[in-house]
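Enquirer: Residue numbers (the working numbering): 868 to 984. The structure follows.
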């Protein structure tokens with residue numbers, strides 16, 4: 868583990884530490900939600916994910932899913948049928964994020980309760 872935060876090269880980018888790599892992979896407004904829904908609800912089709920995250924645009928969902936797939940966090944399975952059927956699920960690496968996201972969810976619940984008293 869690189870906790871000293873030395874400069875690391877990963878996927879043609881430089882990072883100050885492994886935490887920065889993690890934030891780059893799963894940070895942002897939508898990726899944690901996509902991972903959360905795939906982890907808690909299981910395999911989903913595109914429109915099912917869109918319904919679970921109603922404020923995300925179709926373009927943004929497509930982009931985020933492609934990035935998550937490229938980073939080996941999400942599987943994309945295409946069925947050879949008409950009309951086309953595509954399903955998304957978490958890889959083992961994606962599943963390994965669920966305990967972290969669960970802790971973040973719990974923290975959010977606790978924070979909300981404290982702030983709204």
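Glycine included, C-beta positions come from ideal geometry on N, C-alpha and C.
#1: Can you name, in chain order, every residue of its own chain whose Cβ lies under 6 Å from the Cβ of residue 882, other than the five neighbours on each side?
#2: So, with DSSP's three-state summary, where would you put residue 914?
#3: Per the contact definition of three or more C-beta pairs closer than 8 Å, is the segment 917-927 in contact with the segment 944-961?
#4: Who are residue 952's beta bridge partners in DSSP?
#5: Which residue from 910, 949, 973, 893 puts its Cα closest to that of residue 943?
#6: Which of the three DSSP states, helix, strand or coil, is assigned to residue 878?
Expert: Well, looking at it:
#1: 875, 888
#2: helix
#3: no
#4: Looking at the DSSP assignment, residue 952 forms a beta bridge with 946.
#5: 910
#6: coil
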